[in-house]
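Step one of this worksheet: look at the structure below.
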DNA sequence: TTATGTGCAAACTGTTTGCGCGAAG
DNA sequence: CTTCGCGCAAACAGTTTGCACATAA
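Residue numbers (the working numbering), protein chains in the order written: chain A, 1 to 157; chain B, 1001 to 1157.
Structure below.
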């Protein structure tokens, strides 16, 4: 019953495979360096700094610059999510399918919001207040695109 | 009826005054530079980069280093909130009393979460999906400190 | 074979720090 | 008067970029 609780080493290959497919689907080349970086990200499901990754790939002959370029590419293709850390560093992790529901208080429409948007906030809530945010069970209130446009016709700047 | 809609120049002095009191309350000195920086933050209720502030104070003889040191101090004393931008810069604004409710899915307890935690996320949702997040009307789901501790006794790592 | 990725080294942005002078309390 | 903040200039961390060579497709 607790068979699929193990998010450890075995799954990593699967995740890497999926990421590589995604990469090919975007017409990007699969190189040794990129594979290596994806392996690292898959292994450390948590956050890894670009610099962290660079440090670990250096031994394997993958250059810092390559790491930065690859991570940027992965982020652009949606393969990884990224997040800014205090101090200016950027943390990366494989993108998951997690998403959050935005609920428009005007038209009641529900909007799917991208997964990585709340990573940073979730992290800080956990650290500062011990609250473990669960995006999949949450929906947040606000105003959607069109209702926002509509309301700005009748009111304040 | 629309008298207090104006969040423009007039209020700024009040906000600065409040910030300065707060500063004194923390036993910190009030200098020309600090006053100037607070004025800037009060004037631009949105985000201002440390670098932005530095650029604008340079003319007034307030040095870059002073700006960084002051902003760091303000953040430490809770007078301003800060947020990391892509590219490594940090955006600052006067702290408000805005907060969000965290709802524990286990014990149903509601927890007040600090305001600035969501600045980043709100910004990205607005940009990426046109969704204007309203923290004051939202409560998000998750697990609180104690329930999290309790559940980790019976399950995964 | 050819377009694309890589290593290298140098530049760049944003931020931090040690020092002696100057001002706030 | 004494403690703390400031300007200055130099160092630092993280990241980006132009170029010639290497390699995936």
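Each residue gets a CB set at the ideal place from its N, CA and C atoms; glycine is no exception.
Every value quoted in this text rests on a predicted model; they were computed, and no experiment measured them.
task: Pick out whichever of B:1065, B:1044, B:1150 and B:1132 has its Cα sitting closest to the Cα of residue 149 (chain A).
output: B:1132
query: In or out: residue 31 (chain A) buried (at least 16 other Cβ within 10 Å) or exposed?
result: exposed
message: So, at 7 Å on beta carbons, what are the nonlocal neighbours of residue 1140 (chain B) in its own chain, with the 5 sequence-adjacent residues on each side left out?
response: 1100, 1102 and 1103
query: Is residue 1091 (chain B) helix, strand or coil when you go by DSSP?
result: strand
message: According to DSSP, simplified to helix, strand and coil, what is residue 144 (chain A)?
response: coil
query: Going by Cα to Cα distance, which pick from A:94, A:59, A:144 and A:17 is closest to residue 45 (chain A)?
result: A:94
message: Which residues in chain A have a C-beta closer than 8 Å to the C-beta of residue 1105 (chain B)? List them in chain order.
response: 134 and 137
query: Can you name the start and end residues of the beta strand (DSSP E) that residue 1128 (chain B) belongs to?
result: Note, residue 1128 (chain B): premise wrong, no beta strand (DSSP E); alpha helix (DSSP H) at 1119 to 1129.
field: 8 Å Cβ cut-off: residues of chain B touching residue 117 (chain A)
entry: 1121, 1124, 1125 and 1128
Cβ neighbour criterion (16 or more within 10 Å) applied to residue 82 (chain A): buried
message: If you reduce the DSSP assignment to three classes, tell me which class residue 1029 (chain B) lands in.
response: coil
- prompt: Helix, strand or coil: how does DSSP classify residue 1049 (chain B) here?
  reply: strand
query: When the cut-off is 8 Å and only beta carbons count, does residue 1131 (chain B) lie next to chain A?
result: yes
message: Strictly under 8 Å for the Cβ-Cβ distance: is residue 19 (chain A) near chain B by that measure?
response: no
message: Output needed in chain order: residues of the region 1080 to 1106 of chain B with a Cβ under 9 Å from some Cβ in chain A.
response: 1082, 1083, 1084, 1085, 1086, 1087, 1088, 1089, 1090, 1100, 1102, 1103, 1104 and 1105
query: Do residue 1073 (chain B) and residue 1028 (chain B) have their C-beta atoms closer together than 8 Å?
result: yes
task: Residues of the region 1033 to 1067 of chain B with a CB closer than 8 Å to any CB of chain A: list them in chain order, please.
output: none
- request: Go ahead and label residue 107 (chain A) buried or exposed: buried means 16 or more other beta carbons lie within 10 angstroms of its beta carbon, across all protein chains shown.
  value: exposed
message: So with CB distances below 9 Å, who are the chain B contacts of residue 69 (chain A)?
response: Those do not exist, as residue 69 (chain A) stays about 16 Å from chain B at its closest Cβ, beyond 9 Å.
message: Looking at the strands, I want to know which residues DSSP matches up with residue 84 (chain A).
response: A:90
message: Can you look up residue 1017 (chain B) in the DSSP assignment and give me helix, strand or coil?
response: helix
- request: Mind checking who residue 1111 (chain B) pairs with in its DSSP beta bridge?
  value: B:1102
Segment limits, alpha helix (DSSP H) that includes residue 1062 (chain B): Where residue 1062 (chain B) is concerned, there is no enclosing alpha helix (DSSP H), given that its DSSP letter is neither H nor E.
field: DSSP state of residue 70 (chain A) mapped onto helix, strand, coil
entry: helix
- prompt: Ordered along the chain, which non-local residues of its own chain (more than five positions away) have a Cβ less than 7 Å from that of residue 1013 (chain B)?
  reply: none
- prompt: For residue 1003 (chain B), does the count of other Cβ atoms within 10 angstroms reach 16, so buried, or fall short, so exposed?
  reply: With a pLDDT of only 43 at residue 1003 (chain B), under 50, the local geometry of the prediction cannot be trusted, and no value is derived from it.
Proximity below 8 Å, CB of residue 87 (chain A) to CB of residue 66 (chain A): no
field: Sequence-distant residues of its chain with Cβ nearer than 8 Å to residue 42 (chain A) (five each side left out)
entry: 11, 12, 13, 15, 16, 19 and 94
field: Proximity test, Cβ basis, 8 Å: residue 3 (chain A) and chain B
entry: With a pLDDT of 44 at residue 3 (chain A), under the threshold of 50, the modelled position of that residue is not reliable, and the figure given next carries that caveat. Output row for residue 3 (chain A): interface = no.
task: Could you name the residues of chain A that residue 1011 (chain B) contacts, counting a contact when the two beta carbons are closer than 8 Å?
output: Near residue 1011 (chain B) there are no residues of chain A at all, since even the closest Cβ is about 15 Å away, more than 8 Å.
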